[in-house]
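First residue of the sequence shown? That's 1 in UniProt numbering, and the numbers climb one at a time after it. The structure appears below as structure tokens.
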Amino acid sequence: MSLALGVVLLVAAGLGVFWWLTRPPALPRIPIAYLPTVQQAAKSCPELSVPLLAAQIEAESKWNPQADSGKAQGIAQFDPTTWAEWGKDYAGDGKADVWDPKDAIPTQGAYMCHLFQVVKNVPGNPTQLALAAYNAGPNAVLQAQGIPQINETQNYVNKIEQLIPQYTTTYAQQIGATTSPSPSSG
1 MSLALGVVLL VAAGLGVFWW LTRPPALPRI PIAYLPTVQQ AAKSCPELSV PLLAAQIEAE
61 SKWNPQADSG KAQGIAQFDP TTWAEWGKDY AGDGKADVWD PKDAIPTQGA YMCHLFQVVK
121 NVPGNPTQLA LAAYNAGPNA VLQAQGIPQI NETQNYVNKI EQLIPQYTTT YAQQIGATTS
181 PSPSSG
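Okay, here's the thing in structure tokens:
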């Protein structure tokens, strides 16, 4: 009897380890501390959405407000030249600070809205083009008349496109939305 119990426990443990090693990765979530800021930034223009900005931040910094690539800084990874032109004091503390998500995320939204306008006459998907312009610069997209043949930029756009549906799911969960139709009133 105890041998059978031992075998059952061993099999159960093996199945548990197998499940643990093969489970799907957790979907990314917007950190609660940044949720209101991302929601507000997404209202900057109709082309933006919370999942789009969240996916972009994930790709840029993995939500790290102290991220520094050596070329770009902060949660939204602005290079110093772009920040000097676009950075604003949205936090209301008297300083436009690339390291402050309350400044950087709304600036990201405003800059993305600008980029949507810059690329509006370029053939292709407007969201992909605006993302490419954020990564490679608007002139690179205008010169290429599309997404430039730059591996980093192409990978950046693809990564965000893969993250958007994931953030769409988790954002709906975070705000308590359901994907099922509501019952009709009788």
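In this text, a Cβ means the ideal position worked out from N, Cα and C, and glycines have one as well. In this text, all values refer to a predicted model and were calculated from it rather than measured experimentally.
| query | result |
| --- | --- |
| What residues are listed by DSSP as bridge partners for Asp68? | Gln73 |
| Among the candidates Pro106, Tyr171, Lys120, whose CA atom is the shortest distance from the CA of Ser44? | Pro106 |
| With distance defined between alpha-carbon atoms, name the residue in Ala110, Ser61, Asp68, Leu53 nearest to Glu161. | Leu53 |
| Take Gln73 and list the residues in its own chain whose beta-carbon comes closer than 6 Å to its own, dropping the five residues that flank it on each side. | Val98 |
| Report yes if the CB atom of Gln77 is closer than 9 Å to the CB atom of Ala67, and no otherwise. | yes |
| Residues in the same chain with beta-carbon distance under 8 Å from Thr82, minus the five sequence neighbours each way, listed in chain order, please. | Tyr111 |
| For the alpha helix (DSSP H) containing Tyr171, name the first residue and the last one. | 151 to 174 |
| Phe78 bridges to which residues according to DSSP? | Gln73 |
| Need the endpoints of the alpha helix (DSSP H) that Glu47 sits in, please. | Run containing Glu47: none; DSSP gives neither H nor E here. |
| Would you check if there are 3 or more beta carbon pairs closer than 8 Å linking the region 117 to 126 to the region 87 to 98? | no |
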